[in-house]
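Participant:
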Amino acid sequence: MADPAALDSFDPANVPNHIAIIMDGNGRWATAQGLPRTEGHKRGEDALFEAVEGCLAAGVSWMTVYAFSTENWRRPKDEVKFLLNYSRGLLRRRRDELNDRGVRIRFVGRRDWRVPNGVLNEMDKAESLTRHNDKMTLVIAFNYGGRAEIVDAVRAMVDEGLKGKQITEKAIARHLYDPEMPDPELMIRTSGESRTSNYLMWQLAYSEMIFADVLWPDFTREHIYGAIAEYQRRERRFGGV
Ligand code: IPE
Ligand code: IPE
Ligand code: MG
C-alpha cells in the first residue's frame, strides 16, 4: 500500500489540505547498514526535505511532522542529547532554505524545562523568520504528546474560568497548541508500525491512515505522491452512509 508514485498519479483538485507524518525507522535503517542509530537520524533530514518538496509540489497547505515525542525522553541519554543538538542544528542549517521556499514554520509541543534554551531560541527564530510565508505551513511536533496537549488545553480552560457547559469540542480545539491548525485528512507513518504513538490524538479522529513499510531515511517525494493517490482511493464516510 502507498507505493511510490508519480506526481501525475493523483487528482490535483482533491489533494489533502493537511498531511501529518510520523517519521519512524531511523534507528532500524542505521542498524541495517551497520551504523550507529544516530546516523539514521542524520539521514532522516534529507527524507524530511524530500517530504517537504513532495507536499509543495502536490499543493498541500499544511504538513505536520513528529520530530520528538514526550515519550522519547525514555531513550538512552546520549541519543536524547544527540536528537536535541541535531534538531537545533537542523533549524539553523535549513531555516533560510525553508524561508526561500515560502514555508511558514510552526511548533507544537510542550516548551518545558527539559527542552534546552538553545533549541527554544532556534524554534523562536525559525517561527519569526517565516511567519509571513503562505505557500505551506510546516508544523514540527517537538516534545509533543497528544495526551499532554489535551491536558494542557483543559488546564488553560480551567485557568480561564470556563464553566462545564462551556467546555465544547470547539472550545477544546481552540485551546490546542496551534488553534489554526486544521485536522489532517491524511496521516502517514513509515517503518511498518501500525500505531499512532500519542500523535495528534484529537486531530486524527477522522483522518485516513497509511502505514508504509519504508524506513524514514528511504522516504522520497514519490512516497508522498503514492500516499495521496491511495488517499484518493479511500471512501471517507464520517459516520454517515
Ligand atoms: C524515528 O526513528 C525518529 C525519532 C523517534 C526521533 P526511530 O529512532 O524511532 O527509529 P526506530 O523506530 O528505532 O527504527
Ligand atoms: C514516534 O516514534 C515518535 C516520533 C517519530 C518522533 P517512536 O519510535 O518513538 O514510537 P514507538 O516507540 O515505536 O511507539
Ligand atoms: Mg521508532
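If you use my numbering, the sequence shown corresponds to residues 7 to 247, in order. Glycine included, each C-beta is placed from N, C-alpha and C at the ideal position.
(1) Between the stretch 113 to 125 and the stretch 176 to 196, do three or more beta carbon pairs fall short of 8 Å?
(2) By how many angstroms is the C-alpha of D189 removed from the C-alpha of S213?
(3) Assign W222 to one of two classes, buried (16 or more other C-beta atoms within 10 Å of its C-beta) or exposed (fewer than that).
(4) Under 7 Å from any heavy atom of ligand 3, does the C-beta of D5 make it?
(5) Once you ignore the five residues that flank R100 on each side, which residues in its own chain have a CB closer than 7 Å to its CB?
(6) Put H3 into one of helix, strand or coil per three-state DSSP.
(7) Report the rounded CA-to-CA distance for G245 versus N123, giving the unit in angstroms.
(8) Nearer than 7 Å: is that true of the beta carbon of G33 relative to any heavy atom of ligand 3?
(9) Considering I111, what are the terminal residues of the beta strand (DSSP E) in which it resides?
(10) Going by DSSP, name the residue or residues bridged to V145.
(11) Buried or exposed: which applies to P18, given that a residue is buried once 16 or more other Cβ atoms fall within 10 Å of its Cβ?
(12) Taking the straight line between their C-alpha atoms, what separation do you get for N139 and G108?
(13) Suppose only complete runs of 4+ residues qualify. What are the alpha helix (DSSP H) ranges in the stretch 156 to 206, listed by chain order?
(14) With DSSP as the reference, identify every bridge partner of H24, one or two as the case may be.
(15) Distance check for S203 and L13, CA to CA, integer angstroms please.
(16) Below 7 Å, is the gap between the Cβ of D30 and the nearest heavy atom of ligand 2?
(17) Can you round the beta-carbon distance between L144 and L104 to whole angstroms, since I take them to be within the 8 Å contact cut?
(18) Can you list, in chain order, the residues of its chain whose CB lies under 7 Å from that of R34, leaving out five sequence neighbours each side?
(19) Is the distance from the Cβ of A26 to the Cβ of M193 below 8 Å?
(20) Hey, would you say the C-beta of S75 is under 7 Å away from at least one heavy atom of ligand 3?
(21) So, with DSSP's three-state summary, where would you put S213?
Facilitator: According to the structure shown:
(1) yes
(2) Linking S213 to D189 through their CA atoms gives a straight-line distance of about 8 Å.
(3) buried
(4) In the structure as shown, the chain starts at 7 and stops at 247, and residue 5 therefore has no counterpart that could be examined.
(5) Answer for R100: no residue qualifies.
(6) Past the edges of the chain, shown from 7 to 247, lies residue 3, and the structure says nothing about it.
(7) Our two residues, G245 and N123, have alpha carbons roughly 45 Å apart in a direct line.
(8) yes
(9) V109 to V114
(10) T70 and R112
(11) exposed
(12) So the alpha carbons of these two residues sit roughly 5 Å apart.
(13) 175 to 180
(14) In the DSSP output, where bridge partners are listed per residue, H24 has W68.
(15) 30 Å
(16) yes
(17) 7 Å
(18) S197 and L221
(19) yes
(20) no
(21) coil
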